[in-house]
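A.B. asks:
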Amino acid sequence: MAMSDSGELSQQMYVNDVQKEKVLMVGAGGIGCELLKTLVLTGFKHIHLIDMDTIEVSNLNRQFLFRKSHVGQSKAKVAREAVLKFRPGVEIVAHHANVKNQEFDIDFFKQFSVVLNGLDNLDARRHVNRMCLAAGVPLVESGTTGYLGQVTVHIKGRTECYECQPKPAPKSYPVCTITSTPSKLIHCIVWAKELALAKLFGDKGQVSDLDVRSTSNEDNAVSNDPDEAEFFEVRSGESNRSYAERVFNRIFGQNIVTALQNEDTWKARRRPDPLFLDKVLTEEDAATQNNASSNDGTVSAMASLNLKNPQEIWSVKDNARVFLESIRLFLEKRSKDVGKIVFDKDDQLAVEFVTAAANLRAHSFGIPMQSVFEAKGMAGNIIHAIATTNAIIAGLIVLEALKLLSNRTEECRMTYCVEHPSGKMLLMPVEMAEPNPRCYVCSETPLVLELNTATATMREVIEKVVKRKLGVTDPVIMQGATLLHEAGEDIEEDMVAYYRALLDKKFVDYPTPITTGVVLTVEDYHQDFRCSLHVKHRDTFDEEKEPEGMVLTGDLASLNTTETAAAPTPALDAPSKAENGHAEEEEEDENVVMVEPAPKAATAGTKRKLENEETHPTEKRLRASEAVPVEV
Amino acid sequence: MDPPTELLTEQEAAVYDRQIRVWGVDAQRKLSKARVLVVGMSGVIAETCKNIVLAGVGSLTLVDDSKLTLEASAANFLIQFDELEGQGITLAEACAASLRDYNPMVQVKAEAGSIQNKPDSFFGNFDAIILGRSSISLRKHVNELCRKQGHRIGFYSVDCRGTCGSLFVDLKSHSYVSKRAKDDKDARHELTYPSLEEALSVPWKSFPKRTSKLLFALRCLEDFEHAEGRQPGHVSSQDLPALLAFWKSACEAQKVAENLVSEPLFQRLLGSGSSELPPVCAILGGIVGQELIKAMSGKGEPLRNYFFFDAADGKGIIEMVAPK
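Residue numbers (full-length UniProt numbering), protein chains in the order written: chain A, 1 to 632; chain B, 1 to 324.
Below, the structure written as structure tokens:
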């Protein structure tokens, strides 16, 4: 490719050359729309575009290739049509599909000169990273939140891969904080959507042991109480209104009264105030209601109660009215959905129910309440997103792509877009980091998996570690040359039966017991990913810090000693916020960001004992959200 | 807490949901009252218009009577390809049609005629004016008119020269709220801006050492174009010897060393001629859009008073240029 005399980027050098290049864009959302536009204006003529999403109204403030009339249609396809109107000669292949599909295999990736990501979740980012490493195609990665954004370049063997640095774990909260001792509104919101909403209108089979209760005393947990299950059914001859009132008095009143009996819980805490309906609403309040209805036919308690301002914080009385009214509306207008409701930020009635229930609980516990607008953002983990940052980031992505395609990789930079200038810089390029030699993805560094081999099963390891932490989709797990597990379609029936038999067997009971010293190999053929897990037995885990009952580190030394030098390997649970300040970690209200504590393997040079901490039986956690907050 | 205020419509609340989470309802309401004028439908102006129309300004008026040509559409995605065949439609009209489609809640209109011929009173109809590529004399003229109006008019001039871009902002005096670092509470701040004339009058010798090279290079280029009687951007690599001579005398007059700007930067600027690099337009248009939103909504600290971007080093730099 032509170079200007000075070796600097100049106008003419790319225009003819990029026409030949074939590029892959993953994501046709906020960044994707901007990126597609900028790519074709720059002269790119062969573009593949993958996005599994369809268009929503809340996209229209920034995803400028979409109109209201497109709501519900494929983002990839509509984006293609829109761009062809101003550049008809360009070849754009739109895939309305998940990038993790088998059709997008390594050979598919190999046809591109560069892959450009405009994604909104960690899972897909990790997958694309592995596909690019396997196919040997450079990747330009990006993310934005509000005014913040960043662009990074990943070249196999030259720079760090997307997974060389630790990524934030999904937010989660200890169950007892949610069920018994909330101290922040987010705890009440998680309670309202995961417990209250699920208990009343969700799949009864899925709620399991996470029941509506207000005590930390395990003996009092009502989950196994048959009366409890029955209590939340509408009784024969009972009006919907009476049912709603009965539920109100139970979950905000009686349950709190019961919880207060456990004096130990409240020694160092503010005691919650039980709420009973006769104290909250007068008979007059209870009688006035339900005249208005929403314009567009959405079922809404706010509409029927004539509450118009989504920014307003409702009084306790209004929260109670919304709570009762939303239950009535679910039973009367949404009866088809009852029994399968799962919280969705676009389900107005569910948002209203969750806001009212969370606020009422918050009021009990002396926590400030919030508006339905704010509560919706918290419950739906909604990302702050604006067009301008996406446009800037898309421009920066194209500039990096141009450097990659003209073999000026030494000029590639990682660029931050900041809100408050650092020095005088609003757009701040920094040198790309070298590959992390201890990265389990691009350097295939072995990992250590600590678990209780007397109780752990393959099923747990697959769910909690292999899928959630390693980001593997279709795992093949081996012990030496022996297959222990395989996922996929073309597996012999006898093998399926054999794997199924192993799935719930305790590790110590395996034909060759899996215990300290055993090395398990995890592979994903599609991602061309493999890594080794060195198993290490441990009896107990800290329920607060190690809620999953197993800990994954990159610290091989810990196999032999209890006190270990910390490895600079990415700590898989580490909250990386402070470390690299990526925009994707800058999310919403700082207060609500609670990440799982790290096993502190991230900082080189620090030492720490892993086994002398106070331990508790493991306890399940409620996951606030799977999504890593990053704009598409 | 904000005092009770008029509500957004259901449609506004639904479409603007994600950005209200960034700047708040109050800022959105102020933004929806802003009347914006843009002059010269270049690629960077097309980007800017897209951004502020999506964000939901009140109205946007476009001025550009030039014809639709393939060249005009090079970095301007607001022009639909089939319109290039059409007759008698101006650039402003073609762009206005696309912008209306982006957000029906914004009033977008094309104003016929040239900006030079508008009466002074015309400028009083706006709260912000954004000039695309234009001569230094037109910029000074419009900037002065903005400053003379009874209400504050935000003034922006922006240009993309190939791989480089620059933005000048004059908000005269501006008051805004932003979160204080120490307690995360909203605090009010006041800023004053120099006029373009004042900013241009600052002697080069008084600039700090690390000032962006683009500031000097672009001024020299614009003065060169003016002295040669050229339209802005009507230059080529062949002008290098003449431009370097012009630069030499400028440095002598300003009493600064000639190596303040390196020759390759001049080469690059001349080589781009009148073309714009689309990713640079996107970056610059994003910055202008964001700055206009901050200024019109009174939310967030606006930049003062120059911004420069160079694709060669990837830096986006703010420079404050004001007389002592």
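Ideal Cβ positions, reconstructed from N, Cα and C, are used throughout, including at glycine.
The model shown is predicted, which means the values in this text are computed figures rather than measured ones.
Give me the chain B residues within the contact set of residue 377 of chain A, using Cβ-Cβ distance strictly less than 7 angstroms, ordered along the chain.
C.D. replies: Within chain B, the residues near residue 377 of chain A are 21.
A.B. asks: Give the straight-line distance between the Cα atoms of residue 256 of chain A and residue 271 of chain A, rounded to the nearest whole angstrom.
C.D. replies: 9 angstroms
A.B. asks: Below 9 angstroms between beta carbons is the criterion; list the residues of the stretch 419-433 of chain A that meet it against any residue of chain B, in chain order.
C.D. replies: 419, 420, 421, 423, 424, 425, 426, 427, 428 and 429
A.B. asks: Could you tell me whether any Cβ in chain A is nearer than 8 angstroms to the Cβ of residue 205 of chain B?
C.D. replies: no
A.B. asks: Would residue 305 of chain A pass as an interface residue toward chain B - the criterion being a Cβ-Cβ separation below 8 angstroms?
C.D. replies: For residue 305 of chain A, not one C-beta of chain B is nearer than 8 angstroms to its own C-beta.
A.B. asks: Within 10 Å of its beta-carbon, does residue 308 of chain B have 16 or more other beta-carbons around it, so buried, or fewer, so exposed?
C.D. replies: It is buried - the Cβ of residue 308 of chain B has at least 16 other Cβ atoms within 10 Å.
A.B. asks: In chain A, what lies closer than 8 angstroms to residue 315 of chain B by C-beta?
C.D. replies: 425, 427, 428 and 429
A.B. asks: In three-state DSSP terms, what is residue 211 of chain B?
C.D. replies: coil
A.B. asks: Taking C-beta pairs closer than 7 angstroms, name the residues in chain A that residue 295 of chain B reaches, listed in chain order.
C.D. replies: Ordered by position in chain A, no residue passes the 7 angstroms Cβ test against residue 295 of chain B, which lies about 13 angstroms from the chain.
A.B. asks: Distance, Cα to Cα, residue 327 of chain A vs residue 334 of chain A?
C.D. replies: Approximately 10 angstroms, taken between the alpha carbons.
A.B. asks: Confirm, please, whether the CB-CB distance from residue 471 of chain A to residue 105 of chain A is below 8 angstroms.
C.D. replies: no
A.B. asks: Using a Cβ-Cβ cut-off of 8 angstroms, state whether residue 87 of chain A counts as contacting chain B.
C.D. replies: yes
A.B. asks: So which residues on chain B does residue 64 of chain A lean against when the C-beta distance must stay under 7 angstroms?
C.D. replies: 50, 54 and 102
A.B. asks: In angstroms, rounded to a whole number, what distance separates the CA positions of residue 31 of chain A and residue 393 of chain A?
C.D. replies: 7 angstroms
A.B. asks: Nearest to residue 295 of chain B by CA position, among B:43, B:169, B:324 and B:199, is which residue?
C.D. replies: B:169
A.B. asks: Cβ closer than 9 angstroms: which chain B residues qualify as neighbours of residue 27 of chain A?
C.D. replies: The contacting residues do not exist; residue 27 of chain A stays about 16 angstroms from chain B at best.
A.B. asks: Can you tell me whether residue 111 of chain A is buried or exposed, with buried defined as 16 or more other CB within 10 angstroms of its CB?
C.D. replies: Its Cβ having fewer than 16 others within 10 Å, residue 111 of chain A is exposed.
A.B. asks: Is there contact between the stretch 33-43 of chain A and the stretch 386-404 of chain A, where contact requires at least three CB pairs shorter than 8 angstroms?
C.D. replies: Segments in contact, yes.
A.B. asks: Just to make sure I have the definition right: I need the residues of chain A whose C-beta is within less than 9 angstroms of the C-beta of residue 36 of chain B. Which are they?
C.D. replies: Those within 9 angstroms of residue 36 of chain B in chain A number zero; the least Cβ separation is about 15 angstroms.
A.B. asks: Which one of A:465, A:478, A:399 and A:360 has the shortest CA to CA distance from residue 518 of chain A?
C.D. replies: A:478
A.B. asks: Does the CB of residue 18 of chain B have a neighbour CB from chain A at under 8 angstroms?
C.D. replies: For residue 18 of chain B, a Cβ of chain A is located within less than 8 angstroms of the residue's own Cβ.
A.B. asks: Are three or more beta carbon pairs between the stretch 128-135 of chain B and the stretch 34-47 of chain B nearer than 8 angstroms?
C.D. replies: Touching, yes, given that three or more Cβ pairs across the two stretches are closer than 8 angstroms.
A.B. asks: Pull up the distance between the alpha-carbon of residue 539 of chain A and that of residue 545 of chain A, whole angstroms please.
C.D. replies: 15 angstroms
A.B. asks: Checking contacts by CB at 8 angstroms: is residue 46 of chain A closer than that to chain B?
C.D. replies: no
A.B. asks: Mind pulling the chain A residues with CB within less than 9 angstroms of residue 319 of chain B?
C.D. replies: 424
A.B. asks: Scan the stretch 128-159 of chain A and note each continuous beta strand (DSSP E) run of 3 residues or more that stays entirely inside, going in chain order.
C.D. replies: 139-145 and 148-154
A.B. asks: Is DSSP giving residue 94 of chain A helix, strand or coil here?
C.D. replies: The answer is strand: DSSP assigns residue 94 of chain A an E or B state.
A.B. asks: Taking the straight line between their C-alpha atoms, what separation do you get for residue 144 of chain A and residue 215 of chain B?
C.D. replies: 29 angstroms
A.B. asks: Please state the DSSP three-state secondary structure of residue 296 of chain B.
C.D. replies: Looking at residue 296 of chain B - three-state DSSP - the assignment turns out to be helix.
A.B. asks: Around the C-beta of residue 495 of chain A, are 16 or more other C-beta atoms found within 10 angstroms, so that it is buried, or is it exposed?
C.D. replies: exposed
A.B. asks: Within 10 angstroms of the Cβ of residue 268 of chain B, are there 16 or more other Cβ atoms? Answer buried if so, exposed if not.
C.D. replies: buried
A.B. asks: Counting only beta-carbon separations shorter than 8 angstroms, does residue 409 of chain A have a partner in chain B?
C.D. replies: no
A.B. asks: List the residues of chain B that residue 41 of chain A touches, going by C-beta distances under 7 angstroms, in chain order.
C.D. replies: 75, 77 and 278
A.B. asks: Of the choices A:186, A:235 and A:92, whose alpha-carbon is the least far from that of residue 357 of chain A?
C.D. replies: A:186
A.B. asks: At a CB-CB cut-off below 8 angstroms, which residues of chain B make contact with residue 532 of chain A?
C.D. replies: Within chain B, no residue comes near residue 532 of chain A; the closest Cβ sits about 39 angstroms away, beyond 8 angstroms.
A.B. asks: Check residue 107 of chain B in the structure and name its three-state DSSP category.
C.D. replies: strand
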